[in-house]
Amino acid sequence: MSREVRRTIPLWIIMGITGFFLLEYFLNVAAITGVKSELTRWGTIVSGFMLIFGMVLLARHHILQLAVRDTGMKDKILSVIFFVSFLGFLLVGFSTPERIGGANYQWIYQNMYRPAGTAITALCFWWCVYGGYKTFTIRSWESVSIGLGAVIYMLRLLPIGPVYIPALAPTADWLLSTVNVGATRGGTIAIGVGSLILGMRTLIGKETGALEAVKEV
Amino acid sequence: MSIYKKLREIPDGYLGLLSILFMLIPVLYPLGLPIEISEPTKGFYNTLMNLPEGSIVCIDASGGFASWDEFHASMVATLKVLFSRPIKWFAWGYGYDGPVMVDVVLKEINPQGFGKQYGSDYLVLPYVSGEEMAVAAVASDTKSVFTSDFYGNSLSQYALWNELGSADDYAIVITISGSCLNMDQETRQWYTIHGKKLLEINMACCSPMSMNYYPSVMPGGLWGVKGGTELEVLSRFAGPGARLSDAQNLGLMPFILFLILGNIGYFGGRFMEKEEEKRQ
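Line by line, the protein sequences are chains A and B.
Per our numbering, residue 1 is the first one in the first sequence, and the count goes up by one each step.
Per our numbering, residue 1 is the first one in the second sequence, and the count goes up by one each step.
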């Protein structure tokens with residue numbers, strides 16, 4: 001397929017759908033709104049199929065890890081663990097008419113998946129806290145403001161903080177609602193303007209990141 | 001090694017062990033430490049209590065089990081408040097854990113004890129892929145997105161299903177998420193297009209980002225364990241928050257202590273180096 005076809009067709013599809021969504025937003029016409037709702041629903045269906053596509057890619061990667069690539073025993077064991085858990089969840093999920101609502105699936109979900117996820121988050125907390133201990137040293141005025149803000153906000157987060165330090169609540173709330181909001185709203189507006197520019201560049205074909213990279217032979 | 005250098009190089013194991021010990025104490029022996037109710041929690045509670053009779057609330061449940069303790073208390077207290085009022089709600093999720101979390105909380109509390117019936121007073125719908133696209137689809141035409149409920153049953157048998165339509169039919173949206181950018185997305189799809197205000201349940205670290213929208217778009221929010229505990233106290237519905245917030249109270253204290261010790265070590269070390277240079 002030629003480079004022009006691989007770029008032009010997707011670009012025109014993106015331009016067409018985006019233009020239609022923009023029209024629907026500004027014109028309150030029932031027919032256009034109906035089509036937009038249908039397109040949105042199709043978006044969720046396509047997204048669901050992309051999940052299946054992602055699963056296929058993941059399975060392919062691990063099959064290659066096991067059967068083709070020259071990888072170490074540790075990587076092969078990890079790929080085996082992936083297949084055991086992936087196929088296990090899949091088979092149990094489809095084994096009963098209740099699907100994921102069934103007792104067996106819920107058992108492995110609540111007793112294996114959920115504790116594993118919680119353990120990973122707990123480890124992240126551990127490393128975040130240690131990282132804070134190592135990095136929150138007062139080396140400059142900027143680090144003073146970051147460190148002070150962090151300590152004040154953390155003490156505010158503790159339910160016991162405002163009870164025993166009455167000045168903490170109004171100070172922290174002022175930092176959160178005035179200083180923080182001012183800064184983050186500025187950031188949000190900047191993100192919005194940047195997204196608008198990126199979208200416009202994509203629409204006129206200047207931004208190739210959204211499209212498949214075309215490799216010249 | 002000088003004391004200051006030792007303070008700067010405390011092994012991470014000690015910090016973790018101290019945090020775990022501090023957190024274990026209130027888990028085993030609840031302390032009942034006092035708590036002050038914040039304005040966003042009051043806004044959250046008052047908004048739900050002021051909803052007219054017969055209102056329908058949409059719950060975007062998309063948090064994750066990995067942060068279960070951040071959501072648990074808030075979700076339990078929120079559902080109890082919803083059940084205590086003559087209003088209806090339905091939950092769905094654009095995160096795959098969301099509907100499961102709602103199901104877990106429903107099994108924990110007793111909807112029948114509040115006189116509520118599944119299908120006529122509340123409904124749990126399944127996960128829909130597509131992130132913001134899913135939110136847009138549900139907001140514009142809810143019925144077109146779902147064919148069965150979370151338990152695999154046909155939806156046409158439920159009275160509440162027949163009352164659902166689009167965002168115009170819902171009084172307010174409660175969004176449960178583990179993403180700090182959640183309010184940006186929800187505001188784009190619910191508030192900007194349909195004018196629906198939002199109440200948020202999120203992790204504690206996400207409150208600074210969500211405050212952008214308080215109180216005009218988001219009249220109230222619950223962040224972390226503290227938010228859930230505050231709602232428990234305000235609504236007088238006991239839940240897991242008290243025990244968890246005691247753990248949070250004590251668990252973060254070693255962090256603040258080590259932060260102070262680290263800075264003492266840093267400045268002490270610099271002072272010692274300068275003294276050494278002067279002697280030389």
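In this text, a Cβ means the ideal position worked out from N, Cα and C, and glycines have one as well.
- Item | Min CB distance residue 216 of chain A to chain B below 8 Å | For residue 216 of chain A, the predicted structure reports a pLDDT of 44, less than 50, and the residue's modelled location is therefore unreliable. The matter cannot be settled from this model.
- Message: Tell me the DSSP secondary structure of residue 14 of chain A in three-state form.
- Response: helix
- Query: Can you tell me the Cα-Cα spacing of residue 31 of chain A and residue 38 of chain A, whole angstroms?
  - Reply: 11 Å
- Start-to-end residues for the beta strand (DSSP E) that takes in residue 126 of chain B: 122–127
- Task: Measure the Cβ-Cβ separation of residue 138 of chain B and residue 128 of chain B and say whether it is below 8 Å.
- Result: yes
- Residue environment, residue 69 of chain B, which counts as buried when at least 16 other CB atoms sit within 10 Å: buried
- Task: Please determine if the region 86–97 of chain B and the region 257–267 of chain B are in contact, where contact requires at least 3 C-beta pairs separated by less than 8 Å.
- Result: no
- Item | For residue 168 of chain B, the first and last residue of its enclosing beta strand (DSSP E) | No beta strand (DSSP E) contains residue 168 of chain B, which DSSP labels as neither H nor E.
- Item | Runs of alpha helix (DSSP H) lying entirely within the region 56–95 of chain B, each at least 4 residues, in chain order | 68–83
- Message: Quick check: what's the CA-CA separation for residue 107 of chain A versus residue 149 of chain B?
- Response: 20 Å
- Quick one, which of B:118, B:205, B:193 has its alpha-carbon nearest residue 180 of chain B's? B:205
- Counting only beta-carbon atoms, is residue 273 of chain B nearer than 8 Å to chain A? no
- Could you name each continuous alpha helix (DSSP H) segment of 4 residues or more that falls completely within the region 68–121 of chain A, going from the start of the chain to the end? 73–94, 103–108
- Query: Grouping DSSP H, G and I as helix and E and B as strand, with all else coil, what is residue 18 of chain B?
  - Reply: helix
- Item | Nearest to residue 174 of chain B (by Cα), restricted to the options B:120, B:78, B:131 | B:78
- For a contact meaning CB atoms closer than 9 Å, what does residue 266 of chain B contact in chain A? 137, 138, 139
- Query: Span of the beta strand (DSSP E) holding residue 33 of chain B?
  - Reply: Run containing residue 33 of chain B: none; DSSP gives neither H nor E here.
- Query: Would a check of beta-carbon distances place residue 227 of chain A closer than 8 Å to chain B?
  - Reply: Examination of residue 227 of chain A is not possible in this model, given that chain A is present from 1 through 217 alone.
- Message: Is the separation between the beta-carbon of residue 172 of chain B and that of residue 143 of chain B shorter than 8 Å?
- Response: no
- Query: Would you report the Cα separation of residue 196 of chain A and residue 184 of chain B, rounded to the nearest angstrom?
  - Reply: 15 Å
- Query: Tell me which same chain residues have a C-beta within less than 6 Å of the C-beta of residue 121 of chain B, skipping the five on either side of it?
  - Reply: 88
- Could you tell me whether the Cβ of residue 6 of chain B comes closer than 8 Å to any Cβ of chain A? no
- Identify which residue in B:146, B:226, B:21 has its Cα closest to the Cα of residue 45 of chain A. B:146
- For residue 217 of chain B, return the contacting residues in chain A, with the cut-off set at a CB-CB distance below 8 Å. Ordered by position in chain A, no residue passes the 8 Å Cβ test against residue 217 of chain B, which lies about 12 Å from the chain.
- Task: Would you mind giving the Cβ-Cβ distance between residue 93 of chain A and residue 105 of chain A, rounded to the nearest angstrom? I have them listed as a contact below 8 Å.
- Result: 5 Å
- Task: Please name the residue, chosen from B:101, B:30, B:37, B:216, that lies closest to residue 161 of chain A on a Cα-to-Cα basis.
- Result: B:37
- Task: Give the DSSP-derived three-state secondary structure of residue 168 of chain A in the structure shown.
- Result: helix
- Which class does residue 27 of chain A belong to by DSSP, given the choice of helix, strand or coil? coil
- Message: Taking CB distances under 8 Å as the criterion, tell me whether residue 111 of chain B reaches chain A.
- Response: no
- Query: residue 275 of chain B bridges to which residues according to DSSP?
  - Reply: None; residue 275 of chain B has no bridge partner.
- Message: Distance cutoff 8 Å, beta carbons only. Does residue 75 of chain B sit that close to anything in chain A?
- Response: no
- Please report the residue range of the alpha helix (DSSP H) in which residue 190 of chain B lies. It is not in any alpha helix (DSSP H) - residue 190 of chain B carries neither H nor E in the DSSP assignment.
- Task: Could you tell me the distance, in whole angstroms, from the CA atom of residue 15 of chain B to the CA atom of residue 75 of chain B?
- Result: 31 Å
- Query: In terms of residue numbering, what span does the beta strand (DSSP E) encompassing residue 192 of chain A cover?
  - Reply: Counting along the chain, residue 192 of chain A falls outside any beta strand (DSSP E), though it belongs to the alpha helix (DSSP H) covering 181–203.
- Of all Cβ atoms in chain B, is any one closer than 8 Å to the Cβ of residue 142 of chain A? no
- Counting only beta-carbon atoms, is residue 64 of chain B nearer than 8 Å to chain A? yes
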